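Trainee: Counting in the numbering used here, the sequence shown runs from 439 upward without gaps.
Glycine residues also receive a C-beta, built at the ideal position from the N, C-alpha and C atoms.
Fair warning: this is a prediction, and the values are worked out from it, not measured in the lab.
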Amino acid sequence: MLGLLIEDVTLVDGDPVAVHVRFRGGKTTSLSVPRRRLPPQVLKVAPEVIQAVDRLLESHPEGEVLVRLNA
Numbered sequence: 439m440l441g442l443l444i445e446d447v448t449l450v451d452g453d454p455v456a457v458h459v460r461f462r463g464g465k466t467t468s469l470s471v472p473r474r475r476l477p478p479q480v481l482k483v484a485p486e487v488i489q490a491v492d493r494l495l496e497s498h499p500e501g502e503v504l505v506r507l508n509a
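1. Look at leucine 442 and phenylalanine 461 and say whether their C-beta atoms are less than 7 Å apart.
2. Where do the N-terminal and C-terminal ends of the alpha helix (DSSP H) with arginine 460 fall, by residue?
3. Helix, strand or coil for leucine 476, going by three-state DSSP, please let me know.
Set out below in structure tokens:
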């Protein structure tokens, strides 16, 4: 639905992130969004999970592994 209103969005990397929105009628607006910092433990994947994915990839295509992981 938003695709009917928004022409494009540009993100400028920084802290904060600059967000520039151009609407279909030509109007523009800019926002500043604080960069979300995740604690390191959130980004860490358990070694057992990586090993399980590696085993699945040996005998299944990537798409099928994704379906299994998201089930």
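Mentor: The short version:
1. no
2. It is not in any alpha helix (DSSP H) - arginine 460 instead sits in the beta strand (DSSP E) that spans 455-461.
3. coil
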